[in-house]
Each structure stands twice: as C-alpha cells, then as structure tokens.
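Engineer: Structure incoming, see below.
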Amino acid sequence: MGRRGDGIGRINNFVVFIPGTNAGDKVKIRITGVRGSFATGEVISKSEVVEEEKEEEENVEDR
Numbered sequence: 247m248g249r250r251g252d253g254i255g256r257i258n259n260f261v262v263f264i265p266g267t268n269a270g271d272k273v274k275i276r277i278t279g280v281r282g283s284f285a286t287g288e289v290i291s292k293s294e295v296v297e298e299e300k301e302e303e304e305n306v307e308d309r
C-alpha cells in the first residue's frame, strides 16, 4: 500500500500506483499517467479468480 492508501503493482519492475485496490487484488488496469520513475493507473476490472481462491482456502481450513 502506498502512503495515500493506493495499491502498488509492478509491470516489468516499473511501479504503478492504483487507487481503490488492496494487497492481493488481481485487477486489469489502464495507465493514466507516467512520471519519471512510476505510473498511475485506474481499475478497468477486478478478477473473480481472487474470490474463488479465497473460498477454496476457507474450505480447506474447515476440513
């Protein structure tokens, strides 16, 4: 998480700040700005795979 609460991702070791995301989120983004050493982006869609993985982990723990 960034200082302002933004999620942080990397694309080929290039840092991208994405508001409205959390650690572990898998999202598709659009780059909205590029500065010298980082970029900013916005979420286009969130992956439902993350929710399915969480449910599977909970089911395994219940066993």
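Residue numbering for the sequence shown follows the working numbering, starting at 247 and increasing by one per position. Heads up, the beta-carbon is just placed ideally off N, CA and C, and yes, glycines get one too.
1. So, for residue 254: in the same chain, excluding its five sequence neighbours on each side, which residues have a beta-carbon less than 8 Å away from its beta-carbon?
2. Compute the Euclidean distance between the alpha carbons of residue 268 and residue 291, then round it to the nearest angstrom.
3. Exposed or buried, which one is residue 287 when buried takes at least 16 other CB atoms within 10 Å?
4. Looking only at its own chain, which residues have a Cβ that is under 6 Å from the Cβ of residue 274, when we skip the five neighbours before and after it?
5. How many angstroms separate the CA atom of residue 272 from the CA atom of residue 282?
Structural biologist: Reading off the structure:
1. 247, 248, 261, 262, 263, 264
2. 14 Å
3. buried
4. 290, 291
5. 25 Å
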